[in-house]
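Since the structure comes first, as structure tokens, the remarks are kept for the end.
Residue numbers (my numbering): 189 to 295.
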């Protein structure tokens, strides 16, 4: 391991995680994943008729939230026109979602 990698480890990790999360989301969006997380405790599904398509859409949206922070740190220059406060909020939300669903990132 290069010592330089440790100075800004978040960028090194983002460069590794971003393309893999993106590919994972693409598989979900193309219905190439055999399973979905158990969303039984999600408020979103309360009072809704739950089916595979609804769960897939929800999972795709959660993956998009997860992708944001890693995409941001991999391609910071692409977000120059985005409000700094919105960036911070999306990073926080994305990392919280990533932590919440970390164990569900499997096919």
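Idealized CB from N, CA, C, for every residue including glycine.
Values in this document were obtained by computation on a predicted structure and should not be read as measured data.
Contact set for residue 279: own chain, Cβ-Cβ below 8 Å, skip 5 residues either direction: As a position in the chain shown, residue 279 is number 91, starting the count at 1. Only 256, 257 and 260 meet the Cβ criterion.
Classify residue 264 as helix, strand or coil using the three-state DSSP reduction. Counting from 1 along the chain shown, the entry for residue 264 is found at position 76. Helix, per DSSP.
Which value, in whole angstroms, describes the spacing of the CA atoms of residue 268 and residue 250? As a first step, residue 268 must be located in the chain shown, where it is residue number 80. As a first step, residue 250 must be located in the chain shown, where it is residue number 62. Cα-Cα distance, rounded: 24 Å.
Given that a residue counts as buried once 16 or more other Cβ atoms are within 10 Å of its Cβ, and exposed if not, what is residue 285? The sequence position of residue 285 within the chain shown is 97, counting from 1. The residue is buried, with at least 16 neighbouring Cβ atoms inside 10 Å.
Taking 8 Å as the cut-off, is the CB of residue 263 close to at least one heavy atom of the ligand FMN? Looking for the ligand FMN in the displayed structure turns up nothing, as the structure carries no ligands at all.
Collapsed DSSP secondary structure at residue 158 in the structure displayed: Residue 158 lies beyond the residue range present for the chain, which begins at 189 and ends at 295; the question has no answer from this structure.
Pull up the distance between the alpha-carbon of residue 234 and that of residue 224, whole angstroms please. For this step, residue 234 is matched to residue 46 along the chain shown. For this step, residue 224 is matched to residue 36 along the chain shown. Cα-Cα distance, rounded: 17 Å.
Here's a check: name, in chain order, each residue in its chain whose Cβ is nearer than 8 Å to the Cβ of residue 281, leaving out the five neighbours to either side. The count along the chain shown starts at 1 and reaches residue 281 at position 93. Within the same chain, residue 281 has close Cβ partners 253 and 256.
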